[in-house]
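Colleague: Each residue of the sequence shown is one higher than the last, beginning at 44 in our numbering. Structure incoming, see below.
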Amino acid sequence: MVVIQPKPGQSTAFEQGYQRHLEWHKGANDRWTWYGWSFVLGERLGMFMDGTFGHAAANFDAAVQPAGDAADNAANVVPHADFLSHGVFRRLDTASVGQPLPDAAPFLAMATYTVAPGEETAFERQLVAGATAPANSGRAAPRFTWYRLQIGGGGGQYVLMRAAPGFAAAADLPEVLPAGAKALVRAVRTELLRYRADMSYIPKD
Numbered sequence: 044m045v046v047i048q049p050k051p052g053q054s055t056a057f058e059q060g061y062q063r064h065l066e067w068h069k070g071a072n073d074r075w076t077w078y079g080w081s082f083v084l085g086e087r088l089g090m091f092m093d094g095t096f097g098h099a100a101a102n103f104d105a106a107v108q109p110a111g112d113a114a115d116n117a118a119n120v121v122p123h124a125d126f127l128s129h130g131v132f133r134r135l136d137t138a139s140v141g142q143p144l145p146d147a148a149p150f151l152a153m154a155t156y157t158v159a160p161g162e163e164t165a166f167e168r169q170l171v172a173g174a175t176a177p178a179n180s181g182r183a184a185p186r187f188t189w190y191r192l193q194i195g196g197g198g199g200q201y202v203l204m205r206a207a208p209g210f211a212a213a214a215d216l217p218e219v220l221p222a223g224a225k226a227l228v229r230a231v232r233t234e235l236l237r238y239r240a241d242m243s244y245i246p247k248d
């Protein structure tokens with residue numbers, strides 16, 4: 044996942060350049076999906092996030108035309124924006140419920156939790172226990188996906204993703220963090236992102 048901040052006064056130029064870069068991916072016959080979102084609530088308001096998901100770590104050693112990708116990105120995106128963070132995350136399937144997120148839902152509710160060093164194993168054990176609880180089974184179960192930051196930032200970071208059709212639904216999402224995990228949390232950041240179909244690339248089959 045990458046967080047990008049348009050340079051002052053260059054939001055339109057950034058979006059146009061980013062869209063040109065997505066056209067490069069299309070022309071290169073990239074088979075990976077690239078989702079894009081704009082932050083609409085939270086401290087990163089006005090920033091942009093993109094990401095590609097569902098890959099093994101080894102896949103990144105065989106990404107489509109890395110040199111060409113970097114050159115096109117440098118020509119079309121870098122002049123108009125600053126890249127603030129770039130992290131590789133591991134999806135925690137046993138701690139998650141339902142089809143993996145993210146997807147092209149209108150909104151993405153995202154919460155980032157930081158746990159104390161050495162508490163990662165205990166925190167993940169609580170997440171797995173919560174995912175298998177009776178309230179998270181059956182047709183009425185909430186849908187959520189957990190990720191752990193592997194490389195690219197401070198340790199002990201976990202991201203919870205949930206889809207929402209609108210602001211009201213995002214505000215009413217049920218609590219899914221197990222009580223046993225709450226005691227291990229040192230900090231939490233909650234944000235809402237709007238899906239940008241015009242800033243995403245989904246290859247056609």
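A virtual CB, placed ideally from N, CA and C, is assigned to each residue, including glycine.
(1) Given L88, which residues of its chain have a CB within under 8 Å of its CB, disregarding the five upstream and five downstream residues?
(2) Can you say whether P217 is buried or exposed, counting buried as having 16 or more other CB atoms within 10 angstroms of its CB?
(3) Mind checking which residues open and close the beta strand (DSSP E) that includes E234?
(4) Per DSSP, S128 is paired with what?
(5) Suppose you measure from the CA of D104 to the CA of H68; what does that come to, to the nearest Å?
(6) Put Q169 into one of helix, strand or coil per three-state DSSP.
(7) Please identify the residue among A178, R168, G197, D93 whose C-alpha is closest to the C-alpha of G223.
(8) For F150, report the span of its beta strand (DSSP E) as first-last.
Modeller: Let me lay it out:
(1) So the qualifying residues of the chain are F82.
(2) Looking at its Cβ environment, which holds fewer than 16 other Cβ atoms inside 10 Å, P217 is exposed.
(3) Here the beta strand (DSSP E) through E234 covers 228-238.
(4) Residue pairing by DSSP places S128 opposite V46 in a beta bridge.
(5) Between the C-alpha atoms of D104 and H68 there is a straight-line separation of about 17 Å.
(6) Of the three classes helix, strand and coil, the one that applies to Q169 here is helix, per DSSP.
(7) The residue from A178, R168, G197, D93 with its alpha-carbon nearest to that of G223 is R168.
(8) Counting along the chain, the beta strand (DSSP E) containing F150 begins and ends at 150-158.
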